[in-house]
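J.: One structure follows; several queries about it will come next.
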Amino acid sequence: MQNFFINENQLKALSFLAPFIIDDEYFYFGIIMNPLVEPPEAVVEQGNDIIRDWYKQQDKYGKTKFYDAKIIIVGEPEAGKTTFRRLLFDRNIKIPDDTQKSTHGISVETKKEFPHPVSEKNKILTNVWDFGGQDIQYNLHHYFLSHNALYVIVTDLRAEKTCVTYWFLAINFFCNKDIPIIALKNDRGDAGNNDVDLEQYKRDFPDLAKNFTEVRLNLKKINDEYKNDWNTLLDYFIPKELVKLNTVGIEGIKVWSEIREKFNEIGEPYIEFEQLMVIADKKGMKNEHD
């Protein structure tokens, strides 16, 4: 068999073709318009030759599952987005914090772990993206919106208006229709109560409503009267939505998992290529092409 066309199907993995892909350099396969998660999208986009290399590396270095995810925090200015992001990493930070500034652009924190709701031995490792809420930054957002992320829309119940409509429209337009969303209502309780009618958004965006969760708490009081609500959010609601992402539980190349662990130990934002090759060589990857 030299050619195999499976365009416009519902395939999520090409593992059933791996023996042909690995053994025959001239085997051509057509796979456009499939919701593939294996190999990863970044590999598939580069074409057949890169897909072939990916499966050869799996065959050579072994396979393992990756449990990686992205959380994107969006919402109106001063709703509590940055506070929420910081609390994810340290629930004992000072609130209010007069030194905390509003996010301009996008702030990213890495290596936040969540429990896996099914497999206790595995943790879900997340990168948390905090999007600035000022109107002038909206034109920037669509460049960074991902169709493989959990969205947390933070709204302030004191506010006279919210930008929830904007975010539902943006997520609906730029992302998959089955993207998971958590609406976090920050009930500060010190003035006003301009609640958001989320039922209306569920009716207007029925596809997004399939994976929609609503949570109400006061971010200032997560160690007091809202302690149980906060624990439930971190230990149940967020993990439950994260496992819906295609990046959680996907099979990848084992040696790259080991190399990444070494990166994490180094703790630098980048390393020189020569240093990368030294690490790879120690892990058994001696071919620079790999």
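For the sequence shown, my numbering begins at -17 and goes up steadily by one. Even for Gly, the Cβ is constructed at its ideal location relative to N, Cα and C.
Just the Cα atoms here: how many angstroms apart are Phe194 and Tyr183?
T.: Position 212 of the sequence shown, counted from the first residue, corresponds to residue 194. Position 201 of the sequence shown, counted from the first residue, corresponds to residue 183. Distance between the alpha carbons of Phe194 and Tyr183 is about 10 Å.
J.: Do Thr137 and Gly57 have their C-beta atoms closer together than 8 Å?
T.: Numbered from 1 along the sequence shown, position 155 holds the residue referred to as residue 137. Numbered from 1 along the sequence shown, position 75 holds the residue referred to as residue 57. Yes, Cβ-Cβ distance for Thr137 and Gly57 is below 8 Å.
J.: Going by CA-CA distance only, name the one from Val260, Thr65, Val225 and Lys202 that's closest to Asn282.
T.: Because the chain spans -17 through 272 in this model, residue 282 falls outside it and cannot be assessed.
J.: Strictly by DSSP, which residues pair up with Arg198?
T.: Here residue 198 refers to the residue found at position 216 when the sequence shown is read from its first residue. According to DSSP, Arg198 bridges with Lys167.
J.: Using alpha carbons as the reference points, say which of Ile3, Ser101 and Val19 lies closest to Ile32.
T.: Against the sequence shown, residue 32 aligns to sequence position 50. It is Ile3 whose Cα lies nearest to the Cα of Ile32.
J.: Pop quiz: Pro22 and Ile232 are said to be a contact at Cβ under 8 Å. What is the actual Cβ separation, rounded to whole angstroms?
T.: Translated into positions along the sequence shown, residue 22 becomes position 40. Translated into positions along the sequence shown, residue 232 becomes position 250. With a Cβ gap of about 7 Å, Pro22 and Ile232 count as contacting.
J.: Which residue marks the beginning of the alpha helix (DSSP H) containing Thr65, and which one marks its end?
T.: Here residue 65 is taken as the residue at index 83 of the sequence shown, counted from 1. Thr65 -> alpha helix (DSSP H) spans Lys63 to Phe71.
J.: Give me, in chain order, the residues of the same chain whose beta-carbon lies closer than 8 Å to that of Ile(-12); leave out the 5 immediate sequence neighbours on both sides.
T.: Indexing the sequence shown from 1 puts residue -12 at position 6. Hits under 8 Å: Phe11, Gly12, Ile13 and Asn16.
J.: If you measure between the beta carbons of Ile161 and Leu190, is that distance less than 8 Å?
T.: Here residue 161 is taken as the residue at index 179 of the sequence shown, counted from 1. Here residue 190 is taken as the residue at index 208 of the sequence shown, counted from 1. At a Cβ-Cβ threshold of 8 Å, Ile161 and Leu190 count as neighbours.
J.: How is Leu151 classed by DSSP in three states: helix, strand or coil?
T.: By one-based count along the sequence shown, residue 151 stands at place 169. It is helical.
J.: For Ile75, count the other beta carbons within 10 Å of its own beta carbon; 16 or more makes it buried, fewer makes it exposed. Which is it?
T.: Working through the sequence shown from its first residue, we reach residue 75 at position 93. With fewer than 16 other Cβ atoms within 10 Å, it is exposed.
J.: My understanding is that Ile204 touches Leu69, with C-beta atoms under 8 Å, so please give their C-beta distance in whole angstroms.
T.: On the sequence shown, residue 204 is found 222 positions in, with the first residue counted as 1. On the sequence shown, residue 69 is found 87 positions in, with the first residue counted as 1. That belief holds up - the Cβ atoms of Ile204 and Leu69 are roughly 7 Å apart, short of 8 Å.
J.: For the candidate residues Asn228, Met259, Asp206 and Ala(-5), whose alpha-carbon lies nearest to that of Ile241?
T.: Residue mapping note: residue 241 aligns to position 259 of the sequence shown, counting from 1. Of the listed residues, the one whose Cα sits closest to Ile241 is Met259.
J.: Grab me the residues of Gly266's own chain with a C-beta within less than 8 Å of its C-beta, minus the 5 sequence neighbours each way, in chain order.
T.: Taking the sequence shown and counting its residues from 1, one reaches residue 266 at position 284. Within the same chain, Tyr43 and Val237 come within 8 Å of Gly266 by CB-CB distance, once the 5 residues on both sides are set aside.
J.: Tell me the rounded alpha-carbon separation between Glu254 and Asn269.
T.: Translated into the one-based positions of the sequence shown, residue 254 becomes position 272. Translated into the one-based positions of the sequence shown, residue 269 becomes position 287. When rounded, the distance between both Cα atoms is 17 Å.
J.: Quick check: Ile54 and Ser128, are their CB atoms within less than 8 Å of each other?
T.: The residue labelled residue 54 in the question sits at position 72 within the sequence shown. The residue labelled residue 128 in the question sits at position 146 within the sequence shown. For Ile54 and Ser128, yes; Cβs fall inside 8 Å.
J.: Determine the extent of the alpha helix (DSSP H) in which Leu190 is found, giving its start and end residues.
T.: Looking up residue 190 in the sequence shown gives position 208. It spans Pro188 to Ala191 - the alpha helix (DSSP H) in which Leu190 sits, taken as one unbroken run.
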